[in-house]
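Below: one structure, written as structure tokens.
Residue numbers (my numbering): 283 to 535.
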């Protein structure tokens, strides 16, 4: 594949495909590190002026920020000039095969990825014409980016502390191998479960508990999902727990 031979050339990977494999390299970027704006809601109180409302349902939740635009300015690798129309068709199929947010990595932020989608519509003909010079690809990105370290599974078999060094609350995935009633403690918060059989999966980003394809929300007897605050998170539990796998999903702006 092309990206095996061009390690020093900037590129991005979207939805599992690298731009170099499509014949595109990045020579310039705009807003590559992001400048998401906070979502601020104000109310005027007579005699006091404007006051910023706090709409968080949980005090340890992160603040809300708006999506932002990121642009990659690309050129065609020299060996791809023989058939620009074919390159354009491949690029079109790659960029528009999904209308959902998909994973976006690039060579500028090597330790992080974002969730994004292509925000500007282009036809095959427009892409082919742009390939004669510069092709600008614009993405709409979620404000928070996720660290590669946060994708690694941590396996806990006893009480311990894990440290969130990113400065923002993380919303982890957990797989609790246990039987019966369990109480999971993270710092001063207790998360209780009942009637666990073998294991239960808890996704704090999706706000769901499940086992394979079966929902298990009825086995969570607390309303708040587990979260990992910035800094130290002391984790322990009560009940018949064999182990807990945690994918922390560390994030930051």
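For each residue, glycine too, the CB sits at the ideal point set by N, CA and C.
Exposed or buried, residue 316, counting other C-beta atoms within 10 Å across all chains shown (16 or more means buried)?
The count along the chain shown starts at 1 and reaches residue 316 at position 34. Flag for residue 316 reads buried.
Please name the residue in 505, 295, 296 whose C-alpha comes closest to that of residue 471.
Numbered from its first residue, the chain shown carries residue 471 at position 189. Taking only the C-alpha atoms, the option nearest residue 471 is 505.
Quick test of the definition: if touching needs 3 or more C-beta pairs under 8 Å, does the stretch 408 to 416 touch the stretch 363 to 373?
Yes, since at least three Cβ pairs between the stretch 408 to 416 and the stretch 363 to 373 fall closer than 8 Å, the two stretches touch.
To the nearest angstrom, report how far apart residue 294 and residue 387 are at their CA atoms.
As a position in the chain shown, residue 294 is number 12, starting the count at 1. As a position in the chain shown, residue 387 is number 105, starting the count at 1. Approximately 6 Å, taken between the alpha carbons.
Is the stretch 488 to 503 touching the stretch 422 to 432, taking contact as three or more C-beta pairs under 8 Å?
no
How is residue 502 classed by DSSP in three states: helix, strand or coil?
Within the chain shown, the letter at position 220 stands for residue 502. DSSP places residue 502 in strand when its eight states are reduced to three.
Three-way DSSP call (helix, strand, coil) for residue 283 in this model
Numbered from its first residue, the chain shown carries residue 283 at position 1. At residue 283 the pLDDT is 45, less than 50, meaning the model places this residue with poor confidence and gives no usable figure here.
What three-state label does DSSP hand residue 374 in the structure shown?
The residue labelled residue 374 in the question sits at position 92 within the chain shown. If DSSP states are grouped into helix, strand and coil, residue 374 belongs with the helices.
With residue 306 and residue 373 assumed to form a contact (beta carbons below 8 Å), what rounded beta-carbon distance in angstroms separates them?
Counted from its first residue, the chain shown places residue 306 at position 24. Counted from its first residue, the chain shown places residue 373 at position 91. That belief holds up - the Cβ atoms of residue 306 and residue 373 are roughly 7 Å apart, short of 8 Å.
Note down, in chain order, each residue of its chain lying with its Cβ closer than 6 Å to the Cβ of residue 427, except the 5 sequence neighbours on either side.
Looking up residue 427 in the chain shown gives position 145. These residues qualify, in order along the chain: 394, 396.
Close-in-space but distant-in-sequence residues of the same chain around residue 347 (CB under 6 Å, 5 per side omitted):
Translated into the one-based positions of the chain shown, residue 347 becomes position 65. Same-chain partners within the cutoff: 318, 320, 425.
Member of 404, 465, 524 whose CA lies at the smallest distance from the CA of residue 376
Residue mapping note: residue 376 aligns to position 94 of the chain shown, counting from 1. The residue with the shortest Cα to Cα distance from residue 376 is 404.
Looking only at its own chain, which residues have a Cβ that is under 8 Å from the Cβ of residue 522, when we skip the five neighbours before and after it?
Numbered from its first residue, the chain shown carries residue 522 at position 240. The residues are 460, 461, 462, 464.
Going by other Cβ atoms of all chains shown within 10 Å of its Cβ, with 16 needed for buried, is residue 309 buried or exposed?
Along the chain shown, read from residue 1 onward, the residue named residue 309 stands at position 27. Looking at its Cβ environment, which holds fewer than 16 other Cβ atoms inside 10 Å, residue 309 is exposed.
Grouping DSSP H, G and I as helix and E and B as strand, with all else coil, what is residue 482?
Reading the chain shown from its first residue, position 200 is the one you call residue 482. Three-state DSSP puts residue 482 in a strand.
Determine the direct distance from the alpha carbon of residue 416 to that of residue 528, and round the result to whole angstroms.
Position 246 of the chain shown, counted from the first residue, corresponds to residue 528. Position 134 of the chain shown, counted from the first residue, corresponds to residue 416. Going from the Cα of residue 528 to the Cα of residue 416 covers about 43 Å.
Cβ neighbour criterion (16 or more within 10 Å) applied to residue 445:
Position 163 of the chain shown, counted from the start, is the residue given in the question as residue 445. Its Cβ having fewer than 16 others within 10 Å, residue 445 is exposed.
Helix, strand or coil at residue 414 according to DSSP, with G and I counted as helix
Here the question's residue 414 lines up with position 132 in the chain shown. Coil, per DSSP.
Is residue 370 near the ligand ATP, going by C-beta to nearest heavy atom under 7 Å?
Ligands are entirely absent from the displayed structure, and the ligand ATP is therefore not among its contents.
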